[in-house]
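Residue numbers (our numbering): 32 to 500.
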């Protein structure tokens with residue numbers, strides 16, 4: 032092999048060239064990534080919405096010896112606690128050996144995803160077909176949700192307080208539902224609409240049945256027959272939809288993508304891929320020096336509002352309780368804490384290259400992406416991580432051998448997006464975004480790389496394990 036020239040050696044020393052993780056990871060690590068992603072796919076199939084993700088996490092945590100947090104109790108190093116916020120958000124922590132006054136390490140992700148929610152009065156009949164009216168949740172391309180098998184997920188609370196959990200349409204022997212679309216032969220006028228209005232919000236009606244109730248005199252016989260089925264199966268009446276949270280979700284399971292099976296296609300990678308990897312990464316650090324806190328938040332896709340979103344105070348209160356129980360002022364703990372805001376980024380898609388700035392984009396198979404700032408255009412509505420904290424994160428990942436890259440969310444004036452990072456940093460916490468590059472983000476079928484998922488898991492483990500400096 033010819034010796035490298037002086038220029039080649041100098042370029043290696045001075046230039047930054049990210050590399051495909053298949054070129055840097057060992058065959059053993061690649062096999063480990065494959066194995067890890069089998070568990071991740073099972074999680075995606077089990078936890079398609081936030082309530083299900085919390086139930087999954089609580090089960091795993093309790094198997095690992097975690098117990099519900101008790102306000103006022105003094106915890107010792109190694110103690111494991113969690114706080115279940117209304118079944119839709121979660122905090123979990125392992126108390127470290129170093130004093131809480133030195134801060135904690137936070138891994139904050141969200142577990143909600145774009146979808147179609149049912150309206151408070153969803154059930155109706157038109158032209159002897161039964162439908163649910165919907166109100167879409169989060170940023171979706173509405174036309175992508177038509178002619179797609181849907182399952183029904185959520186909870187109904189009856190008048191007497193009884194809670195009925197609903198999951199229907201994911202198993203092979205269960206019926207599915209769908210939003211219909213217009214046939215091309217009659218779509219001349221529809222085709223003239225702007226793409227964003229290919230289907231309008233009030234056209235996202237879910238088809239749920241067609242068999243009428245056998246009664247010659249009754250009206251709305253299809254609606255009546257469906258209402259009877261719902262009452263027989265779940266014990267609910269039409270009024271019970273007023274106190275329900277139900278949504279239509281893609282009915283297909285997570286699948287390997289590609290001849291080489293190197294990718295995973297599924298609903299809800301954004302952001303349950305970061306939720307799963309953060310929890311599993313943190314759980315590898317059983318006796319940390321620095322207390323770690325894993326956060327699953329709700330409502331990110333609609334602005335993080337509400338008492339289960341990170342714009343609320345549930346994370347602040349959880350850490351404040353831990354601080355007071357250790358005799359430390361909460362603001363001291365928060366000001367010395369560090370956070371990886373765990374959310375996905377837009378992987379460079381060569382089919383739509385014109386909206387990306389390639390030199391500052393993230394790429395499939397290049398590892399976990401560190402995003403210094405998100406926001407839109409002039410960095411509005413974002414956390415912009417400090418150079419000092421970026422330097423610490425770089426050092427941690429490099430020392431642990433984590434495959435990582437940097438990336439922005441498209442060209443400066445092409446659009447943009449936000450994460451929970453700005454709400455955590457508003458608590459006086461050093462915060463930076465990291466996560467998995469995603470193709471077709473916010474679509475019913477998103478795509479990620481297995482190596483990127485595994486690299487993100489290893490990044491969270493390294494962050495929780497890294498010694499205090």
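Just so you know, even glycine gets a beta-carbon here, dropped at the ideal spot from N, CA and C.
Residue 122: first and last residue of the uninterrupted beta strand (DSSP E) it sits in: Counting along the chain, the beta strand (DSSP E) containing residue 122 begins and ends at 120–125.
State yes or no: is the C-beta of residue 484 within less than 8 angstroms of the C-beta of residue 71? Taking 8 angstroms as the Cβ cut-off, residue 484 and residue 71 qualify as a contacting pair.
Residue 482 versus 293, 306, 438, residue with shortest Cα-Cα distance: Ranking 293, 306, 438 by Cα distance to residue 482 puts 293 first.
Mind checking who residue 371 pairs with in its DSSP beta bridge? Within the DSSP bridge table, the entry for residue 371 names 138, 463 as partners.
With distances taken between CB atoms, is the gap from residue 478 to residue 304 smaller than 8 angstroms? Cβ distance not < 8 angstroms, so residue 478 and residue 304 don't count as in contact.
Between the C-alpha atoms of residue 486 and residue 399, what's the straight-line distance to the nearest angstrom? Taking the CA atoms as reference points, residue 486 sits about 6 angstroms from residue 399.
By Cβ distance, which residues of its chain are closer than 6 angstroms to residue 114, with the 5 residues on each side in sequence left out? If we look at residue 114 and ignore the five residues flanking it on each side, its Cβ neighbours are 100, 122, 349.
My output table needs one value for residue 192: the three-state DSSP class, helix, strand or coil. When secondary structure is reduced to three states using DSSP, residue 192 falls in the coil class, being assigned neither helix nor strand.
By Cβ distance, which residues of its chain are closer than 7 angstroms to residue 176, with the 5 residues on each side in sequence left out? Around residue 176: 147, 210, 235, 475.
Which residue's Cα is closest to the Cα of residue 284: 311, 178, 201? Nearest option by C-alpha distance: 201.
Span separating the alpha-carbon of residue 217 from that of residue 282: In this structure, the CA atom of residue 217 is about 28 angstroms from the CA atom of residue 282.
When you compare the stretch 129–139 with the stretch 310–327, are there three or more beta-carbon pairs, one atom per stretch, that lie closer than 8 angstroms? These segments touch.
Does DSSP put residue 208 in a helix, a strand or coil? Three-state result, residue 208: strand.
What's the gap between the Cα of residue 333 and the Cα of residue 309? Residue 333 and residue 309: Cα-Cα distance of roughly 22 angstroms.
Whole angstroms is fine: what's the gap from residue 168's alpha carbon to residue 394's? Taking the straight line from one Cα to the other gives about 28 angstroms.
Check this for me: beta carbons of residue 383 and residue 392, under 8 angstroms apart or not? No, the Cβ-Cβ distance between residue 383 and residue 392 is not below 8 angstroms.
Cβ contact (3+ pairs, closer than 8 angstroms) linking the stretch 94–109 and the stretch 340–360: Taking 8 angstroms as the limit for Cβ pairs, the verdict is that the stretch 340–360 does touch the stretch 94–109.
Tell me the DSSP secondary structure of residue 276 in three-state form. When DSSP states are grouped into helix, strand and coil, residue 276 belongs to the strand group.
To the nearest angstrom, how far is the alpha carbon of residue 361 from that of residue 368? C-alpha separation (whole angstroms): 11 angstroms.
As an exercise, report each continuous alpha helix (DSSP H) stretch of at least 4 residues that is fully enclosed by the stretch 333–417, in chain order. Unbroken alpha helix (DSSP H) runs of no fewer than 4 residues, entirely contained in the stretch 333–417, are found at 345–356, 361–366, following chain order.
What are the boundary residues of the alpha helix (DSSP H) that includes residue 471? Bounds of any alpha helix (DSSP H) do not take in residue 471, whose DSSP letter is neither H nor E.
Which class does residue 257 belong to by DSSP, given the choice of helix, strand or coil? DSSP places residue 257 in helix when its eight states are reduced to three.
Pick from 388, 199, 229, 461: whose alpha carbon is nearest that of residue 212? Comparing Cα-Cα distances from residue 212 to each of 388, 199, 229, 461, the minimum goes to 229.
Excluding the five sequence neighbours on either side, which residues of its own chain have a C-beta within less than 6 angstroms of the C-beta of residue 41, listed in chain order? Contacts found: none.
If we count Cβ pairs, one from each stretch, closer than 8 angstroms, do we get three or more for the stretch 262–282 versus the stretch 453–466? By the Cβ criterion, the stretch 262–282 is not in contact with the stretch 453–466, since fewer than three pairs of Cβ atoms, one from each stretch, lie closer than 8 angstroms.
How far does the alpha helix (DSSP H) with residue 166 in it reach, from first residue to last? In this chain, residue 166 is not harboured by any alpha helix (DSSP H); it is covered by the beta strand (DSSP E) spanning 160–168.
Quick one: complete alpha helix (DSSP H) runs, 4+ long, within the stretch 412–451? With a minimum length of 4 residues, the unbroken runs of alpha helix (DSSP H) contained wholly in the stretch 412–451 fall at 418–431.
Spatial distance of residue 258 from residue 300 (CA atoms): Distance between the alpha carbons of residue 258 and residue 300 is about 34 angstroms.
From the DSSP output, in three-state form, read off residue 524 for me. Outside the modelled stretch of the chain, which goes from 32 to 500, sits residue 524, for which no answer is possible.
If we count the other Cβ atoms within 10 Å of its Cβ and call it buried at 16 or more, is residue 422 buried or exposed? Here residue 422 is exposed. Its C-beta has fewer than 16 other C-beta atoms within 10 Å.
With DSSP collapsed to three states, give me the class of residue 489. Here residue 489 sits in helix by DSSP.
Per DSSP, what are the beta-bridge partners of residue 240 in this structure? For residue 240, which the question treats as bridged, DSSP gives the partners 161.
Quick check: the Cα distance between residue 493 and residue 276, rounded to an integer number of angstroms? Taking the straight line from one Cα to the other gives about 37 angstroms.
Beta carbon of residue 139, beta carbon of residue 328: below 8 angstroms? Yes.
Quick check on this structure: which residue in 80, 117, 108 has the alpha carbon closest to the alpha carbon of residue 337? For residue 337, the nearest C-alpha among the options comes from 117.
Counted within 10 angstroms of its Cβ, other Cβ atoms place residue 83 as buried (16 or more) or exposed: So residue 83 ends up on the buried side.
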